[in-house]
Structure formats: structure tokens, C-alpha cells
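Presented below is the structure to which this report refers.
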Amino acid sequence: MLLRSLHLEVQYEASELIKDLMRYDVQLAVLKGLVALLKPSKEDIQADKPEILSDPTMPDFGAPLSVYVQQAAACKVIRILAQQSPEVAESLVQVCEI
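Set out below in C-alpha cells:
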């Protein structure tokens, strides 16, 4: 949920936490979770939009803006992790094949 934040500081802190978690036994679970965020669930897409996005003058994004923000943040974290470690990059490829 932290990656859905529109505040860059929150996204940064979440990415730092994820980078720290990569040093522990939860690495594979974290990578699977990040990859799963790239394809939002139907519940996420059909979630109630915030009132500000229900304004008829706003463009229709098709899904709540927070879902797109989360996807972008997950992509950013995946890129950072893959650049930092070839082993993590290989693990990401294997996770995507599952």
C-alpha cells in the first residue's frame, strides 16, 4: 500500500525498506509481490474511486489512479533492485516465468 502513495517521500521510504528486506530470507516473497503489483487484481481496478476522481471534468483513467501509481513505483523498485544485483535480476526473471 505504501507504493500507492502519491507522496514521493513515502514511495522512497518504501523502496528503501524493500531494499533492506532483500538481505533477509524474504527476498523471493518480496520479488513475487513486486511482480504481482505489475498486474493489478480485478478488485483493485474496480475499487471505488476517490471523490476527486469522480469529477466529470477529470479524464477517465479506467482504473483508480493509485493503481497506476503503484505499478510505476513497483517498476521503479524492480529496476533499482535489478541494477544493484545480477542475482536479484536473475531471480526476477525466474519469478516472471512462474
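In short: position in the sequence shown from 1, add 26, done, that's my numbering.
Just so it is clear, CB atoms sit at the ideal spot from N, CA and C, and this is done for glycine as well.
| query | result |
| --- | --- |
| When you compare only the Cα positions, how much space is there between A115 and L54? | 12 Å |
| Assign A100 to buried or exposed, taking buried as 16 or more other Cβ atoms, counted over all protein chains shown, within 10 Å of its Cβ. | buried |
| Give me, in chain order, the residues of the same chain whose beta-carbon lies closer than 8 Å to that of E39; leave out the 5 immediate sequence neighbours on both sides. | L28 |
| Quick check: what's the CA-CA separation for K102 versus L34? | 12 Å |
| Using a threshold of 9 Å, state whether the C-beta atoms of V56 and C122 are closer than that. | no |
| Does the distance from the CB of K45 to the CB of I104 come in under 9 Å? | no |
| Suppose the cutoff is 6 Å on Cβ atoms and the five residues either side in sequence are ignored; what does the same chain contact list for S22 look like? | Outside the displayed range of the chain (27 to 124) lies residue 22, so it cannot be described from this structure. |
| Between the Cα of K65 and the Cα atoms of R49, Q97 and Q120, which residue gives the shortest distance? | Q97 |
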